[in-house]
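Asks: Have a look at the structure that comes next, please.
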Amino acid sequence: MRALPSLLAGLLTAVLLTVACTDGSGRPEVRLGVGATVEQRALAGLTRVTLEELGLEVRVVPDIGDTVDVRAMMLDGDLDLYWDYTGAAWSLGLGRAQPSADPRESFEAVRAADVANGLRWYGPTQANATLALFVRAAERPADDAGTMSWLAGQLATVPGGLCADEDFLNRPAGYAALADAYAIATTSVSTVAAGEAKAITSVASGECYAALATATSGTAVSAGLLPVIDDQGVFPAFVVAPVVREGGRADTEAITQALDEVSARIGTLDLAELNARVTAGEDPAEAAADLLGAE
């Protein structure tokens, strides 16, 4: 395993002095909540590598469920740390309306709102796990030209149309809202109801032109697809960030500084590639160590 940034080594002594609870072996223990997705397992791998480099024992509490379930355990004091998504926390965890599409605004709003709940948001990463429409890499224009505005025109003229899950296609805040924002000629665009995995394979095989998936989809990356840019900001931001419980075992300057350092190195494509490796069967911690050790 290649070493993490030198910052982590310099924090080791401070961590050992400030985290009192241990796992019985004398190593300080932090309880990490993990949701029931590949991405949550990948993020758990990042956390394990980061905290174990600091001499901590990470006790993973796996397959908890969604944002609401993990937050509930945090608020009950049963966890010290987990990774959340700003859009999910805003809508599901906090019960607020109109989540922002701007990543920075989304993060700042959730961070401020959760202070009253004793949850401290750190980072954030540059990874935005929002929804996105994917096309084959060969079809997407280079750089900033590969936008939803471009895709809206393509969908009306090219064969294949859009593959997306049935809920997105039918609810007013889904396809209808997207079509309204981008002036998509829905009467000229064929749509196929398909879950994320099926939508991705359908685009890769040429059956569909575009697929709806999360922007950090490892399956889409592995299939050679690229997301288009949501230039009108229709999809809410789902910024990925570590969340620490106030007064918990991870609530130390040394640990949160290490989490900030790791978060700064993770972008949307980085997380998608990490997800792809975990989906393919690679151990999350080994894949994370390779990512963090890369120059």
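Per mature numbering (1 follows the signal peptide of the UniProt record, and there is no 0): the sequence shown = residues -20 to -1, 1 to 275. Ideal placement from N, C-alpha and C gives every residue a C-beta, glycine not left out.
According to DSSP, residue 207 sits in a beta bridge with which residue or residues?
Replies: In the sequence shown, the residue the question calls residue 207 occupies position 227. Answer is 114, bridged to residue 207.
Asks: Is it true that the region 230 to 242 meets the region 20 to 31, where meeting means three or more beta-carbon pairs spaced less than 8 angstroms apart?
Replies: Using a Cβ-Cβ distance cut-off of 8 angstroms, the region 230 to 242 and the region 20 to 31 are in contact, since at least three pairs of beta carbons, one from each stretch, lie closer than that value.
Asks: Between 266, 153, 146, which has its C-alpha nearest residue 214's C-alpha?
Replies: Position 234 of the sequence shown holds residue 214. Selected option, being the one with the closest Cα: 153.
Asks: Please work out which residues of its chain come closer than 6 angstroms, Cβ to Cβ, to residue 62, disregarding the five sequence neighbours upstream and downstream, and give them in chain order.
Replies: Indexing the sequence shown from 1 puts residue 62 at position 82. Counting only Cβ-Cβ distances below 6 angstroms, and skipping sequence neighbours, we find 13, 50, 223.
Asks: Hey, is residue 115 close to the ligand NAD, as in C-beta under 6 angstroms from one of its heavy atoms?
Replies: Summarising the ligand content, the structure contains no ligands, and the ligand NAD is consequently not present.
Asks: Looking only at its chain, what residues have a beta carbon closer than 8 angstroms to the beta carbon of residue 72, apart from the 5 residues adjacent to it on each side?
Replies: Position 92 of the sequence shown holds residue 72. Closer than 8 angstroms at Cβ, skipping near neighbours: 46, 47, 48.
Asks: Which whole runs of the beta strand (DSSP E) in the region 77 to 160 are 3 residues long or more, in chain order?
Replies: 99 to 101, 111 to 116, 142 to 144
Asks: Return helix, strand or coil for residue 163, following the three-state DSSP convention.
Replies: As a position in the sequence shown, residue 163 is number 183, starting the count at 1. Of the three classes helix, strand and coil, the one that applies to residue 163 here is coil, per DSSP.
Asks: Take residue 137 as the anchor and find which of 164, 143, 93, 101 has the nearest alpha-carbon.
Replies: Counted from its first residue, the sequence shown places residue 137 at position 157. That would be 164, whose Cα lies nearest to the Cα of residue 137.
Asks: Give the DSSP bridge partners of residue 42, in chain order.
Replies: For the purposes of this step, residue 42 is taken as residue 62 along the sequence shown, with counting starting at 1. Beta bridge pairing from DSSP links residue 42 with no other residue.
Asks: So, residue 114 versus residue 191, is the Cβ gap smaller than 7 angstroms?
Replies: In the sequence shown, counting from the first residue as 1, residue 114 sits at position 134. In the sequence shown, counting from the first residue as 1, residue 191 sits at position 211. Result yes, Cβ atoms of residue 114 and residue 191 sit closer than 7 angstroms.
Asks: May I ask which residues mark the beginning and end of the beta strand (DSSP E) holding residue 10?
Replies: Reading the sequence shown from its first residue, position 30 is the one you call residue 10. Per DSSP, residue 10 is one residue of the beta strand (DSSP E) stretching across 9 to 13.
Asks: With 16 as the cutoff for other CB atoms within 10 Å, does residue 167 come out buried or exposed?
Replies: Residue numbering aside, residue 167 sits at position 187 when the sequence shown is read from its first letter. With fewer than 16 other Cβ atoms within 10 Å, it is exposed.
Asks: Are there 16 or more other CB atoms within 10 angstroms of the CB of residue 80, so buried, or fewer, so exposed?
Replies: Sequence index remark: in the sequence shown, residue 80 carries index 100 (1-based). Burial call: buried.
Asks: With distances taken Cα to Cα, identify the nearest neighbour of residue 55 among 202, 74, 124, 119.
Replies: On the sequence shown, position 75 is the one that residue 55 refers to. Nearest of 202, 74, 124, 119 to residue 55, Cα basis: 74.
Asks: Using a Cβ distance threshold of 8 angstroms, determine whether the region 92 to 104 contacts the region 115 to 123, with at least three qualifying pairs required.
Replies: no
Asks: By DSSP, does residue 216 sit in helix, in strand, or in coil?
Replies: If you number the sequence shown from 1, residue 216 lands on position 236. Coil.
Asks: So, helix, strand or coil for residue 270, using DSSP?
Replies: On the sequence shown, residue 270 is found 290 positions in, with the first residue counted as 1. Three-state result, residue 270: helix.
Asks: Who does residue 247 pair with in a DSSP beta bridge?
Replies: Here residue 247 refers to the residue found at position 267 when the sequence shown is read from its first residue. Note: residue 247 sits in a beta bridge opposite 106.
Asks: Can you tell me which of 78, 129, 272 puts its alpha carbon nearest to the alpha carbon of residue 207?
Replies: Within the sequence shown, numbered from 1, the residue matching residue 207 stands at position 227. The candidate whose alpha carbon is nearest that of residue 207 is 129.
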